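Asks:
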Amino acid sequence: MVACAEPVLSSPDLGGGSRTSSPRNGRERSVASGGRVAWGGAATDRGGDRPSASQRRRGRRTGRACAPAGPSAAVALRNPSSHNAATPRRSRRDGRESLARGDSAHGTRTRSHRCGIQTAWTEAAGAEAAVAALASSLDVTRIAHLVIFFSPAYGVEALNAALARAFPGVRVAGCTSSGEISPMAGLDRGLVAIAFPHEGFRIASTVLESVDHLDAERAAASIRSLRCALETIARGGQRFAISLIDGLANAEETVIAAIGYGLDGVPLVGGSAGDELTFSETALIHDGRVHRRAAILLLVESDFPVEIFKNDNFEPTGVKFVVTDTDHEQRTVRELNAEPAAVEYANALGLDPDALTPTSFAAHPLVVRVGGDYFCRSIRHLNPDLSLSFHCAIESGVVLTLARQKDLVEATREELARLDARLGGVDLVIGFECVLRRLDAEIHQARHSIAELYRHYNVVGFETYGEQYRSMHLNQTFTGIAIGRPAGP
Numbered sequence: 001m002v003a004c005a006e007p008v009l010s011s012p013d014l015g016g017g018s019r020t021s022s023p024r025n026g027r028e029r030s031v032a033s034g035g036r037v038a039w040g041g042a043a044t045d046r047g048g049d050r051p052s053a054s055q056r057r058r059g060r061r062t063g064r065a066c067a068p069a070g071p072s073a074a075v076a077l078r079n080p081s082s083h084n085a086a087t088p089r090r091s092r093r094d095g096r097e098s099l100a101r102g103d104s105a106h107g108t109r110t111r112s113h114r115c116g117i118q119t120a121w122t123e124a125a126g127a128e129a130a131v132a133a134l135a136s137s138l139d140v141t142r143i144a145h146l147v148i149f150f151s152p153a154y155g156v157e158a159l160n161a162a163l164a165r166a167f168p169g170v171r172v173a174g175c176t177s178s179g180e181i182s183p184m185a186g187l188d189r190g191l192v193a194i195a196f197p198h199e200g201f202r203i204a205s206t207v208l209e210s211v212d213h214l215d216a217e218r219a220a221a222s223i224r225s226l227r228c229a230l231e232t233i234a235r236g237g238q239r240f241a242i243s244l245i246d247g248l249a250n251a252e253e254t255v256i257a258a259i260g261y262g263l264d265g266v267p268l269v270g271g272s273a274g275d276e277l278t279f280s281e282t283a284l285i286h287d288g289r290v291h292r293r294a295a296i297l298l299l300v301e302s303d304f305p306v307e308i309f310k311n312d313n314f315e316p317t318g319v320k321f322v323v324t325d326t327d328h329e330q331r332t333v334r335e336l337n338a339e340p341a342a343v344e345y346a347n348a349l350g351l352d353p354d355a356l357t358p359t360s361f362a363a364h365p366l367v368v369r370v371g372g373d374y375f376c377r378s379i380r381h382l383n384p385d386l387s388l389s390f391h392c393a394i395e396s397g398v399v400l401t402l403a404r405q406k407d408l409v410e411a412t413r414e415e416l417a418r419l420d421a422r423l424g425g426v427d428l429v430i431g432f433e434c435v436l437r438r439l440d441a442e443i444h445q446a447r448h449s450i451a452e453l454y455r456h457y458n459v460v461g462f463e464t465y466g467e468q469y470r471s472m473h474l475n476q477t478f479t480g481i482a483i484g485r486p487a488g489p
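Residue numbers (full-length UniProt numbering): 1 to 489.
Written out as structure tokens, the structure reads:
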């Protein structure tokens, strides 16, 4: 075991430093031309014009040694020996869901998993009603750490206050979403909760503030301190990390680079907070506080087999675009192949730029090659000057490739079946799915089939503005952590 400094429990903001760039080894770059190659929608970055009501309706549901690290982000550490000693009520452990007591009208349901995690989901109207539904359906005495994904329609401040009242002494982390995922299907303005138990999991969590001006070295030091904190309660289980990042701060690449350096090999998955495709404001909550332009990291040790994964449903074509003019900080591409970006992209699709919609971008993704693999670089929206804004940072000289889609349902089915076989049975999947995959499923009338898969494999999570996988920030993918069934009957 490595020697660890005493964990820091509170500290100042991590902002103020210079940004770092994401790794670029193996990225395909060229100055060659060829191919002609938008994605419509009028949603803009934070501070810009908001989309019209009709557009919103269309989009909404269609081993490094641990040493003193200096100033560190707040570390929330859950010691399994400190929980309430009261005898919990018996709960169902076979993965079947049950209606919450007294809340069948709101469709609130819970599911108890063999690993000890409880999940719950609700579409109850209003923050107080939704949290009350959760509190009445979950065995609160068993909960050590609560992770929630929720519609911004609840109001983040109101929801945060309600959670503090309903779950005293429970660590809470979560974020706004563009849709919530439950085993029963996607929710329309709902809330999903993942309740980790006292036994079977050890969790430490931290907040990185001001991620759009992140001091990468201080952030990495904070993550190393977090690892040290987990060492104090570690039992030698498998470890993974979950990231929740402000989806409108345009900082995921910087954050993931810093986190990856600090984690020193611990596998990471996560998602970028959403706001139902309004692109106005996303928010996170952590232990009674609301955070914006921030990131939350949870470091988890599990007594059960786990595996992180990523899944997509596209393959590259021969149509290439060279990024010839870009605003890297704003994630805006002005020119592709020395032509207005939207015009070049629309021409490749046989469309007029005015005909581009969010579904156009979901159906015709752009990808970049990193090493021997391709990763999606999704378009966020079309700008009035015919530039394109992306969900990922794009640099000049990068070669983008137009991709064609494969069957979404079959690609997802194959990945979940692979995980099931490797783990000897999947008990639960915590998933982070790009909101564009939902739009793609709606285009192909596949949402019911996807929902059936998620029901079968107990998938819970949220629809994101971007996904994290190891050291990469991705788009139009499905990433997550699969937890295997405990041994025995």
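Glycine is no exception: its CB is placed at the ideal position from the N, C-alpha and C atoms. None of the values given here were measured: they were computed from a predicted structure.
#1: Is it true that the CB of R377 sits closer than 8 Å to the CB of V370?
#2: Quick one: what's T326 bridged to in DSSP?
#3: Between Q238 and V306, how many whole angstroms is the CB-CB distance? I'm expecting something under 8 Å.
#4: Hey, would you say F149 sits closer than 8 Å to E128, going by beta carbons?
#5: Where does C175 sit, in a helix, a strand or coil, going by DSSP?
#6: Count the other CB atoms, across all protein chains shown, that sit within 10 Å of the CB of A403; report buried if there are 16 or more and exposed otherwise.
#7: Using the Cβ count rule (16 or more neighbours within 10 Å means buried), how would you classify G247?
#8: In the DSSP output, what is V429 paired with across the bridge?
#9: Going straight from the alpha carbon of N383 to that of R485, what length do you get?
#10: Leaving out five residues on either side along the sequence, give the residues of the same chain with a beta carbon under 6 Å from the beta carbon of G262.
#11: How would you write the range of the beta strand (DSSP E) that Y469 sits in, first residue to last?
#12: Whose C-beta lies closer than 6 Å to the C-beta of S302 among residues of the same chain, with five residues either side of it excluded?
#13: For the alpha helix (DSSP H) containing G262, list its first residue and its last residue.
#14: Take the Cβ of D373 as the centre, count every other Cβ of all protein chains shown within 10 Å, and call the residue buried at 16 or more, exposed below.
#15: So who's on the other strand from Q476, going by DSSP bridges?
#16: For A294, count the other beta carbons within 10 Å of its own beta carbon; 16 or more makes it buried, fewer makes it exposed. Which is it?
#17: Put A120 into one of helix, strand or coil per three-state DSSP.
#18: Leaving out the 5 sequence neighbours to the left and right, which residues in its chain are closer than 6 Å to residue 490 when beta-carbon positions are compared?
#19: Can you round the beta-carbon distance between I443 and V300 to whole angstroms, since I take them to be within the 8 Å contact cut?
#20: For I481 and F432, I'd like the C-alpha separation in whole angstroms.
#21: Could you tell me the distance, in whole angstroms, from the CA atom of T145 to the CA atom of P168?
#22: Can you tell me which of R470, E467, T412, T206 puts its alpha carbon nearest to the alpha carbon of A451?
#23: So, at 7 Å on beta carbons, what are the nonlocal neighbours of R422 in its own chain, with the 5 sequence-adjacent residues on each side left out?
#24: With DSSP as the reference, please indicate the residues paired to A241 in a beta bridge.
#25: Could you compute how far the alpha carbon of H213 sits from the alpha carbon of R331?
#26: Which residues mark the beginning and the end of the alpha helix (DSSP H) in which L138 is found?
#27: Shortest alpha-carbon distance to A338 belongs to which of V255, V398, R218?
#28: Can you tell which of H286, V266, G155 has the C-alpha that lies nearest to the C-alpha of T206?
#29: If distances are taken between C-alpha atoms only, which option among E329, S389, L349, V290 comes closest to E335?
Replies: Let's see:
#1: As a working note, residue 370 is residue 370 in the sequence shown. As a working note, residue 377 is residue 377 in the sequence shown. Cβ distance not < 8 Å, so V370 and R377 don't count as in contact.
#2: Translated into the one-based positions of the sequence shown, residue 326 becomes position 326. T326 pairs with V333.
#3: Residue numbering aside, residue 238 sits at position 238 when the sequence shown is read from its first letter. Residue numbering aside, residue 306 sits at position 306 when the sequence shown is read from its first letter. That belief holds up - the Cβ atoms of Q238 and V306 are roughly 5 Å apart, short of 8 Å.
#4: Residue numbering aside, residue 149 sits at position 149 when the sequence shown is read from its first letter. Residue numbering aside, residue 128 sits at position 128 when the sequence shown is read from its first letter. No, the Cβ-Cβ distance between F149 and E128 is not below 8 Å.
#5: On the sequence shown, residue 175 is found 175 positions in, with the first residue counted as 1. For C175, the three-state secondary structure derived from DSSP is strand.
#6: Position 403 of the sequence shown, counted from the start, is the residue given in the question as residue 403. Per the 10 Å Cβ criterion, buried.
#7: Mapped onto the sequence shown, residue 247 falls at position 247. By the beta-carbon neighbour count (other beta carbons within 10 angstroms, threshold 16), G247 is buried.
#8: To locate residue 429, count along the sequence shown from 1; it is residue 429. According to DSSP, which records beta bridges pairwise, V429 is partnered with V459, A482.
#9: Working through the sequence shown from its first residue, we reach residue 383 at position 383. Working through the sequence shown from its first residue, we reach residue 485 at position 485. If you draw a straight line from the Cα of N383 to the Cα of R485, it is about 47 Å long.
#10: Locating residue 262 in the sequence shown gives position 262, counting from the first residue. Hits under 6 Å: A220, I223, R224.
#11: On the sequence shown, position 469 is the one that residue 469 refers to. 467-469 is the span of the beta strand (DSSP E), which, as asked, contains Y469.
#12: In the sequence shown, the residue the question calls residue 302 occupies position 302. F201, G237, Q238, listed in sequence order.
#13: Counting from one through the sequence shown, the residue named residue 262 turns up at place 262. Counting along the chain, the alpha helix (DSSP H) containing G262 begins and ends at 252-263.
#14: As a position in the sequence shown, residue 373 is number 373, starting the count at 1. Exposed, by the Cβ-count rule.
#15: Position 476 of the sequence shown, counting from 1, holds the residue named residue 476. In the DSSP secondary-structure assignment, Q476 is not bridged to any residue.
#16: In the sequence shown, counting from the first residue as 1, residue 294 sits at position 294. Burial of A294 is indicated by the presence of at least 16 other C-beta atoms within 10 angstroms of its C-beta.
#17: One-based indexing of the sequence shown puts residue 120 at position 120. If DSSP states are grouped into helix, strand and coil, A120 belongs with the strands.
#18: The question about residue 490 has no answer, for the chain in this structure spans 1 to 489.
#19: Within the sequence shown, the letter at position 443 stands for residue 443. Within the sequence shown, the letter at position 300 stands for residue 300. Incorrect: roughly 35 Å between the Cβ atoms, too far for contact.
#20: Here residue 481 refers to the residue found at position 481 of the sequence shown. Here residue 432 refers to the residue found at position 432 of the sequence shown. Annotation: I481 to F432 spans about 9 Å, alpha carbon to alpha carbon.
#21: Position 145 of the sequence shown, counted from the first residue, corresponds to residue 145. Position 168 of the sequence shown, counted from the first residue, corresponds to residue 168. Reading off the sequence, residue 145 comes out as His, not Thr. Taking the straight line joining both Cα atoms gives about 11 Å.
#22: Position 451 of the sequence shown, counting from 1, holds the residue named residue 451. It is T412.
#23: Counting from 1 along the sequence shown, the entry for residue 422 is found at position 422. E307.
#24: As a first step, residue 241 must be located in the sequence shown, where it is residue number 241. DSSP, once it has assigned bridges, lists L268, L299 as partnering A241.
#25: Sequence index remark: in the sequence shown, residue 213 carries index 213 (1-based). Sequence index remark: in the sequence shown, residue 331 carries index 331 (1-based). Put simply, the backbone Cα of H213 is about 16 Å away from that of R331.
#26: By 1-based counting over the sequence shown, the position of residue 138 is 138. Looking at the DSSP string, L138 is not in any alpha helix (DSSP H), and its letter there is neither H nor E.
#27: One-based indexing of the sequence shown puts residue 338 at position 338. The residue among V255, V398, R218 with its C-alpha nearest the C-alpha of A338 is V398.
#28: By 1-based counting over the sequence shown, the position of residue 206 is 206. Here the closest residue by C-alpha is H286.
#29: Reading the sequence shown from its first residue, position 335 is the one you call residue 335. Ranking E329, S389, L349, V290 by Cα distance to E335 puts S389 first.
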